[in-house]
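Residue numbers (the UniProt record's numbering): 1 to 246.
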């Protein structure tokens, strides 16, 4: 009887020893750094964000540049047939688009997550019931368009999505020396700006004199027009999809 009892007592440690040789897998959160105060948490978040940005830069397809100097990156392929029609100057096109302000960690002026300032065709506006409910129709090369759009559309196919940089001088800012606060300009709108592409915090210039509200596309809602009045002298991003070439 005593021997059986001893054997029974000996079994659990043996099991424990076996289990000890195969520890349970770490949980996903076990390798995360722990922070004890707000400052530490913020610092660790910054480090993680910097690492994510570095990896994104390494893996990102380099931006292309149009003949007119507009930097762009294609996000989705459109019609890839060999005989697919390409957008050319003078074509009437139907477009869906988003105009975005740069995210804090956009390292090249067209990367990263941007915040939508205004859009058409994505169901984000009050006058749109669903995505693709409305579109922006225009002629490529029209003087009413912002120059960056005319530039970026060339060579696109139906269904293609392209993201491109909209520098102030190729967007909604009037092309006068008085309005140009950047390098070579005579204005006072941007002394803090060292580079049009990567500094999204340019100071405001005189809205009435420099904000060209006739350039298309342009928001219809007053709130978005006010947002654009605060953004037109900054580098922006535009994503455009060609719905059709008429």
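All C-beta atoms, glycine included, are put in the ideal place defined by N, C-alpha and C.
Anticipated Cβ contact below 8 Å, residue 162 with residue 74, distance rounded: Contact between residue 162 and residue 74 holds, since their C-beta atoms are separated by about 5 Å, short of 8 Å.
Test item: CB-CB of residue 78 and residue 141 under 7 Å: No, the pair does not count as a contact, with Cβ atoms beyond the cut-off.
For residue 237, the residue or residues it bridges with in DSSP: 100 and 165
Validate contact between the segment 225 to 232 and the segment 125 to 136 using beta carbons, cut 8 Å, 3 pairs: Fewer than three Cβ pairs drawn from the segment 225 to 232 and the segment 125 to 136 lie within less than 8 Å of each other, which leaves the two stretches out of contact.
Neighbourhood of residue 239 by C-beta distance below 6 Å, restricted to the same chain and skipping five residues each side: Correct list, in chain order: 98 and 163.
Sequence-distant residues of the same chain with beta carbon closer than 6 Å to residue 151, five excluded per side: Beyond the five residues adjoining it in sequence on each side, residue 151 comes within less than 6 Å, by CB distance, of 66, 68 and 70 in the same chain, given in chain order.
Where residue 150 sits in the DSSP three-state scheme: helix
Residue 149 versus residue 100 - alpha carbon distance: Rounded to the nearest angstrom, the gap between the Cα atoms of residue 149 and residue 100 is 14 Å.
Between the CA atoms of residue 62 and residue 35 - distance to the nearest angstrom: 36 Å
Bridge-paired residues (DSSP) for residue 216: 145
Coil, strand or helix - residue 120 by DSSP: strand
Endpoints, the alpha helix (DSSP H) within which residue 227 is located: 222 to 231
Residue 51 - DSSP class collapsed to helix/strand/coil: helix
Residue 147 classed as buried or exposed, judged by whether at least 16 other C-beta atoms fall within 10 angstroms: buried
Option nearest residue 246 by Cα separation, candidates 95, 124, 80 and 226: 95
N-terminal and C-terminal residue of the beta strand (DSSP E) that residue 211 is part of: That residue, residue 211, is in no beta strand (DSSP E); it is neither H nor E in DSSP.
Minimum C-alpha distance to residue 235 - residue among 170, 120, 42 and 81: 170
Residue(s) in a DSSP beta bridge with residue 65: 71
Inter-residue CB distance, residue 86 and residue 155 (contact presumed, cutoff 8 Å): 5 Å
Element boundaries [beta strand (DSSP E), containing residue 138]: 136 to 139
Residue 176 and residue 84 closer than 7 Å at C-beta: no
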